[in-house]
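J.: Residue numbers (my numbering): -14 to 559.
Have a look at this one before I ask anything.
Okay, structure coming up:
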């Protein structure tokens, strides 16, 4: 039985030998090490070598971490899953040393670490130890691996892609550092790298196991994500004459969104297709659920339109001659919510109807109502996923989303539950993060929508303190403990601050609290807090009046007028 994992600690002379023929797959990121990282590498190696003060054979080993490879035991062909940056930079450094030593035998010895000459008797072909991605492999061979290439690379003045420019800048740095030491020390550095520097080569037979191992080791190379592997699989199936074209589309889409959001998009695509809570890895479930006619079809008709929709939704940057400002306001407030279970149906609808701003406005107005009702009712993740999956399915089936019973519509019972929670001690029942979003949305409605909320810190403050200290005016104003506790955690007694909480200031008497705690320079950026400042005294009547007014605003915005308790709704349905 063949082993699934083999790990060997090997010197660089063994890594760059006939045991391995390394290739960088197309799904890998381009070469990305900058002069900072390359400089750190050569400085660390040289300093370590000098600090030992010992002969080469007596030097302690220097470890360069682990690399993750796909390799069959008996074959040299090796795909690099993690380790590209180090293998490429070590090859570049060896090439630079080769260019700065004059001894022919030394140059030939270094060349053997970079290039293996074929043998006519053994019937072996010439090959380089390392082959980069398709876009960079010829450049790397001509300017790094070829014996006379690195001097040409340093002198090159052409405008280059980022990966090739990184190679040029790192070559300049290496040549500069090596020229500052003697040729003998440069040769000794090459010997040290070849014989005393070690990598742990972790070899697995397939991509899935290599990816799992990479995730555990998390070594020094750039992260490889599930989308990198999916890219390899999908682009690899594109017709060869079209591969570069679709690779460009893929990479430009990823660059536009950014690596993290690109990964998030794939998670949402998985959810659009699976319509169920994830149980396995993104990689496994994407392969299981996401179907398409061809790789070209997936890139053109799924990835590209959904990426455009994702960017518009996430950035609240929908553009249209009509309704754009209102639509983007709804998108902004959806994005303020921590959970993103609403994104798959949002993507599904936006990608289908983005050229109909009236429909887009109606959908995102009601999606905001639904999502905030979920937040207020503290619906769990399973409930949110189930509801949003039903909505995605309804969108795909072309159903009337505004019909009674549509998953987009907040039911009369859900309206009742939402209103009851808003009417109660909401500070005591919700997390500060969830409640702050609801209060900020309320604040925007009170202000007429013109307020901006780009604060590093937003905290919720009780006007009437939760625990007034003995002797304070608060106890004179609220002598009945039960009555005080019945209103202290309600909307009518809450305000917003753009600062951290101050436990001692919380108990200030009302006048001092207004002047010293609720404002900066006599004003507050929050409409809810400005309301408080307008009162000379804070009483149970003020809290009750404010509670009713704020509830009325939320009732109208979230369309809670048709609320019915479960019993009434059941009786009416019979």
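Virtual Cβ for every residue (Gly too), placed ideally from N, Cα, C.
These figures come from a predicted structure and were not determined experimentally.
1) Give the straight-line distance between the Cα atoms of residue 163 and residue 156, rounded to the nearest whole angstrom.
2) Check whether the stretch -9 to 1 touches the stretch 123 to 134, counting contact only when three or more Cβ pairs, one atom from each stretch, lie closer than 8 Å.
3) Would you list the one or two residues that DSSP bridges to residue 186?
4) Helix, strand or coil for residue 341? Go by DSSP, reduced to three states.
5) Apply the 10 Å Cβ neighbour rule to residue 86 and answer buried if 16 or more other Cβ atoms are within range, or exposed otherwise.
6) Within a Cβ cutoff of 7 Å, which residues of the same chain sit near residue 350, ignoring the five residues on either side of it in sequence?
7) Going along the chain, which residues of its own chain have a beta-carbon closer than 6 Å to the beta-carbon of residue 115, five neighbours each way excluded?
8) Taking only runs of the alpha helix (DSSP H) that begin and end inside the stretch 363 to 407, which ones reach a length of at least 4 residues, in chain order?
9) Quick check on residue 552: does DSSP put it in helix, strand or coil?
10) With distances taken from CA atoms, which of 38, 217, 398 is nearest residue 555?
11) Comparing C-alpha positions only, which one of 528, 425, 529, 432 sits nearest to residue 445?
12) Shortest alpha-carbon distance to residue 466 belongs to which of 552, 365, 9, 453?
13) Which residues in the same chain have their Cβ closer than 8 Å to the Cβ of residue 443, if we skip the five residues on either side of it in sequence?
14) Hey, quick one: how far does the beta strand (DSSP E) through residue 481 stretch, first residue to last?
15) Restricting to Cα atoms, I'd like to know which of 431, 474, 392, 376 is closest to residue 410.
16) Evaluate contact between the stretch 19 to 28 and the stretch 228 to 235, counting only Cβ atoms and requiring at least three cross-stretch pairs below 8 Å.
17) Report back the beta-carbon spacing between residue 241 and residue 285 to the nearest angstrom; my notes put them in contact at under 8 Å.
18) Measure from the C-beta of residue 410 to each C-beta in chain C and report whether the shortest distance is under 9 Å.
19) Look at the alpha carbon of residue 290 and the alpha carbon of residue 427, and state the distance between them as a whole number of angstroms.
20) Return the first residue and the last residue of the alpha helix (DSSP H) that residue 234 is part of.
21) Under the DSSP definition of a beta bridge, which residues are partnered with residue 445?
22) Determine which residues share a DSSP beta bridge with residue 112 and list them.
23) Quick test of your reading: residue 55 and residue 192, contact by CB under 8 Å. State the CB separation rounded to the nearest angstrom.
24) Please report how far the alpha carbon of residue 258 lies from the alpha carbon of residue 9, in whole angstroms.
25) For residue 147, name the three-state secondary structure that DSSP assigns.
26) Excluding five sequence neighbours on each side, which residues of the same chain lie with their C-beta closer than 6 Å to the C-beta of residue 334?
27) Please determine, among 378, 3, 485, the residue with the shortest C-alpha to C-alpha distance to residue 107.
28) Tell me the DSSP bridge mates of residue 8?
29) Going by DSSP, what residue range makes up the alpha helix (DSSP H) through residue 611?
30) Taking 9 Å as the threshold (C-beta atoms), are residue 384 and residue 374 in contact?
31) Skipping 5 residues on each side, what residues in its chain have a beta carbon closer than 8 Å to that of residue 522?
32) Here's the rule: buried if 16 or more other CB atoms are within 10 angstroms of the residue's CB, otherwise exposed. What is residue 59?
33) Could you tell me which of 172, 169, 178, 280 sits nearest to residue 225, measuring between CA atoms?
34) According to DSSP, is residue 357 part of a helix, a strand, or is it coil?
35) Could you tell me which residues DSSP pairs with residue 47 in its beta bridges?
36) Quick one: is the Cβ of residue 379 within less than 8 Å of any heavy atom of the ligand HEM?
T.: Working from what's here:
1) 10 Å
2) no
3) -7, 52
4) coil
5) buried
6) 315
7) 7, 72, 76
8) 366 to 381
9) helix
10) 398
11) 425
12) 453
13) 421, 425, 481, 482, 483
14) 479 to 482
15) 474
16) no
17) Actually they are not in contact, since the Cβ atoms of residue 241 and residue 285 sit about 16 Å apart, beyond 8 Å.
18) Among the protein chains of the structure shown there is no chain C, as only one such chain exists.
19) 33 Å
20) 228 to 242
21) 481
22) 101
23) 6 Å
24) 31 Å
25) helix
26) 348, 380
27) 3
28) 64, 116
29) Lying before the first or after the last residue shown, residue 611 is absent from the chain, which here runs from -14 to 559.
30) no
31) 462, 495
32) exposed
33) 280
34) helix
35) 182
36) This structure lacks the ligand HEM; in fact it carries no ligand of any kind.
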